[in-house]
Amino acid sequence: MHAQAKKPSPLEFHAYATAIYQHSFDKSIEDDTSLSGDLYTRYLAKNFIVNSHIEVNSTPKTKGMASVIRQSNADAGTALSKNNQGRLQLSELYLSLSYEKNTSFHVGLLNSTVFFDTSLIGNNENTQFIASDFVNNPVIDFPDYALAGVVEYQFSATNTTRFMASSTNGLADNPNRDYSSLFEVNSDNKGIFCILETQWQTDNTLFETGVWLHNGDHRALDDANNKHLKNYGAYLTAAQSFGKQTVEARAGIANARVSATKDFVSLAYQITLSDWTLGTAYGYTEISKYSSMRHDAAQEVEVYGKHMVGKYFSLTPSVQYFKNPFHNSTVAPSLANEVWAANLRVNFAF
Numbered sequence: 051m052h053a054q055a056k057k058p059s060p061l062e063f064h065a066y067a068t069a070i071y072q073h074s075f076d077k078s079i080e081d082d083t084s085l086s087g088d089l090y091t092r093y094l095a096k097n098f099i100v101n102s103h104i105e106v107n108s109t110p111k112t113k114g115m116a117s118v119i120r121q122s123n124a125d126a127g128t129a130l131s132k133n134n135q136g137r138l139q140l141s142e143l144y145l146s147l148s149y150e151k152n153t154s155f156h157v158g159l160l161n162s163t164v165f166f167d168t169s170l171i172g173n174n175e176n177t178q179f180i181a182s183d184f185v186n187n188p189v190i191d192f193p194d195y196a197l198a199g200v201v202e203y204q205f206s207a208t209n210t211t212r213f214m215a216s217s218t219n220g221l222a223d224n225p226n227r228d229y230s231s232l233f234e235v236n237s238d239n240k241g242i243f244c245i246l247e248t249q250w251q252t253d254n255t256l257f258e259t260g261v262w263l264h265n266g267d268h269r270a271l272d273d274a275n276n277k278h279l280k281n282y283g284a285y286l287t288a289a290q291s292f293g294k295q296t297v298e299a300r301a302g303i304a305n306a307r308v309s310a311t312k313d314f315v316s317l318a319y320q321i322t323l324s325d326w327t328l329g330t331a332y333g334y335t336e337i338s339k340y341s342s343m344r345h346d347a348a349q350e351v352e353v354y355g356k357h358m359v360g361k362y363f364s365l366t367p368s369v370q371y372f373k374n375p376f377h378n379s380t381v382a383p384s385l386a387n388e389v390w391a392a393n394l395r396v397n398f399a400f
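Heads up: the sequence shown begins at 51 in this note's numbering, then just goes up one per residue.
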């Protein structure tokens with residue numbers, strides 16, 4: 051008599067625990083360590099999937115690198131209370147449905163960057179680059195975790211087109227940073243964020259391009275009284291792998307009347323060795339001519355080396371360079387135009 055094969059569990063999960071130590075060589079920035087944890091679960095029912103994401107963040111140090119130059123650390127400050135204290139929160143809870151073989155729907159509280167502006171080597175601050183500009187295109191006016199609906203249609207084995215309609219204000223975009231604010235629709239500043247993207251992907255190639263509109267009220271950079279403008283833009287990502295090496299480029303533009311980041315381009319490279327993954331990226335952000343504060347382009351470089359320690363742990367030292375960075379001038383009014391930082395990331399993934 052043969053034993054029956056054990057049925058696979060309908061519940062899947064994976065998790066990250068990450069610590070990032072950052073040391074700036076600018077004396078106006080203090081050393082700091084950010085801590086975070088993420089638990090992702092999927093419940094596979096017969097006709098649908100329930101997805102959830104619970105995360106926890108430590109409280110960023112006021113004069114730390116992640117607070118002064120926020121784009122230096124995409125993992126810091128993603129789960130904060132209205133008092134900017136780290137907290138445990140339910141960040142995503144959404145339903146996924148499939149229709150026939152080529153159409154999928156996703157509805158609920160979700161992270162739009164899971165579906166849009168994806169890439170091969172620059173999409174995960176837990177395992178790849180930590181600078182936010184190398185995780186997602188900074189010109190896209192994405193909302194935080196928000197109520198949204200996504201539809202995906204697969205035209206072929208290599209081409210998928212996606213559309214999303216979302217509230218413009220997610221958890222972190224509302225002053226109270228609570229769940230009840232997600233359902234408020236009577237605020238003059240709130241609106242709809244829409245994005246349309248088409249993507250071609252093979253085993254070694256990725257190309258995607260998209261357009262987006264944020265119709266919530268925006269204030270003109272050069273006229274404080276003109277506060278009913280909209281933000282919009284376009285972007286693309288192209289990547290090519292050659293064996294263990296990958297080269298990737300990103301570009302994007304936004305409405306210069308309301309967005310200080312007028313356009314952005316970046317180039318990234320990654321090579322995978324036996325126990326190491328090495329990556330480097332350069333980003334260039336052009337500043338809107340309507341901005342009254344500054345006009346010098348922001349530039350940044352990151353170089354990292356990720357070393358696997360066993361199956362689940364990784365250690366990633368990295369170096370970052372920022373020229374004319376966006377920064378918190380209240381906390382660091384005398385910040386130099388050029389800032390170097392040395393970092394160490396410790397990650398546990400399972």
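Don't be surprised by glycine CBs; every beta carbon is placed ideally from N, CA and C.
In terms of residue numbering, what span does the beta strand (DSSP E) encompassing S117 cover? Not the beta strand (DSSP E): S117 falls in the alpha helix (DSSP H), residues 115-118.
Assign A299 to one of three DSSP states: helix, strand, or coil. Looking at A299 - three-state DSSP - the assignment turns out to be strand.
Am I right that S368 and V353 are in contact with their C-beta atoms under 8 Å? What's the rounded C-beta distance? Sure, about 6 Å apart at Cβ, within 8 Å.
Using 8 Å as the cut-off, can you tell me whether the segment 128-143 makes contact with the segment 182-191, which would need three or more C-beta pairs spanning the two stretches below that distance? As far as the Cβ criterion goes, the segment 128-143 does not touch the segment 182-191, which means the pair count is below three.
Less than 6 Å between C-beta atoms, sequence neighbours within five positions excluded: which residues of the same chain meet that for G241? Excluding residues within five positions, the ones whose Cβ falls inside 6 Å are T218, N265, G266.
Given a cut-off of 7 Å on the beta-carbon distance, is the pair I245 and M214 in contact? Yes; because the gap between Cβ atoms is below 7 Å, this pair is in contact.
Within the chosen definition, does the segment 157-172 reach the segment 279-292 through at least 3 CB pairs nearer than 8 Å? Touching, per the Cβ criterion.
Under the assumption that F402 contacts I79 (Cβ atoms under 8 Å), give the Cβ distance between them as a whole number of angstroms. The structure shown does not extend to residue 402, since the chain is modelled only from 51 through 400, so no value can be given for it.
Inter-stretch contact at 8 Å, needing at least 3 Cβ pairs: the segment 335-352 / the segment 309-321: By the criterion of at least three beta-carbon pairs nearer than 8 Å, the segment 335-352 is in contact with the segment 309-321.
Going by C-alpha to C-alpha distance, which of A391, Y93, Y66, A69 sits closest to Q121? When only C-alpha atoms are compared, the closest one is A391.
DSSP three-state call for T287: helix, strand or coil? Here T287 sits in strand by DSSP.
Pick from L256, Q72, A129 that is closest to S86, judged by C-alpha positions: Comparing Cα positions, the closest option is A129.
Taking the alpha carbon of A301 as the point to measure from, which residue in N378, N187, R212, V308 has its own alpha carbon closest? Selected option, being the one with the closest Cα: N187.
Using only the alpha-carbon positions, how far apart do A348 and A331 sit? Cα-Cα distance, rounded: 14 Å.
Going along the chain, which residues of its own chain have a beta-carbon closer than 6 Å to the beta-carbon of T259, five neighbours each way excluded? So the qualifying residues of the chain are L286.
Spell out the partners DSSP gives G333 in its beta bridges. G333 pairs with S316, E350.
So who's on the other strand from R395, going by DSSP bridges? For R395, which the question treats as bridged, DSSP gives the partners I70, T366.
Count the other CB atoms, across all protein chains shown, that sit within 10 Å of the CB of N101; report buried if there are 16 or more and exposed otherwise. Residue environment: N101 is assigned as buried (16 or more neighbouring CB atoms within 10 Å of its CB, all protein chains considered).
Check Q121 in the structure and name its three-state DSSP category. Q121: helix per DSSP, three-state reduction.
Buried/exposed call for H377, threshold 16 Cβ in 10 Å: Under the 10 Å beta carbon count, H377 is surrounded by 16 or more other beta carbons and is classified as buried.
How would you label F98, buried or exposed, when you count the other beta carbons within 10 angstroms and need 16 or more for buried? By the beta-carbon neighbour count (other beta carbons within 10 angstroms, threshold 16), F98 is exposed.
Can you tell me the Cβ-Cβ gap for S338 and A382, rounded? I've got them flagged as a contact below 8 Å. Between S338 and A382, the beta carbon gap of about 22 Å keeps them out of contact (Cβ cut-off 8 Å).
Rounded C-alpha distance that separates H357 from F400: One alpha carbon belongs to H357, the other to F400, and they sit about 16 Å apart.
From L256, V261, N239, residue whose alpha carbon lies closest to that of E247: Of the candidates L256, V261, N239, the one whose C-alpha sits nearest the C-alpha of E247 is V261.
If the criterion is Cβ atoms closer than 7 Å, does the pair L279 and V297 meet it? Not closer than 7 Å, so no.
Taking the runs of the beta strand (DSSP E) that are 3 residues or longer, which of them lie wholly in the segment 175-240? Entirely contained in the segment 175-240, the beta strand (DSSP E) runs reaching 3 residues are, in chain order, 196-204, 209-217.
Near D81, what residues of its chain come up, given a Cβ to Cβ distance below 6 Å and the 5 sequence neighbours on each side ignored? The beta carbon of D81 is closer than 6 Å to those of H73 in its chain, skipping five residues each way along the sequence.
Kindly confirm or deny that the segment 148-164 and the segment 107-118 touch, where touching means at least three C-beta pairs closer than 8 Å. Between the segment 148-164 and the segment 107-118 there are fewer than three inter-stretch CB-CB distances shorter than 8 Å, so the stretches are not counted as touching.
Kindly indicate which three-state DSSP category V164 falls into: helix, strand or coil? DSSP places V164 within a helical segment (H, G or I) once states are collapsed to three.
CB of Y93 within 7 Å of CB of L61, strictly: Taking 7 Å as the Cβ cut-off, Y93 and L61 qualify as a contacting pair.
Limits of the unbroken beta strand (DSSP E) element including N107: Annotation: the continuous beta strand (DSSP E) that includes N107 extends over 98-107.
CA-CA distance, G212 and P193? Going by the sequence as given, residue 212 is Arg instead of Gly. The C-alpha of R212 lies about 17 Å from the C-alpha of P193.
C-alpha distance - T177 paired with L145, whole-angstrom precision: The C-alpha of T177 lies about 27 Å from the C-alpha of L145.
Would you kindly report the start and end of the unbroken beta strand (DSSP E) that includes Y340? Element bounds for Y340: n/a, residue is neither H nor E.
Short check: CB of N276 to CB of T68, under 7 Å? Result no, Cβ atoms of N276 and T68 do not sit closer than 7 Å.
Distance, N387 Cα to N344 Cα: Asn is not the amino acid found at residue 344; the sequence shown has Arg there. When rounded, the separation of the alpha-carbon atoms in R344 and N387 is 12 Å.
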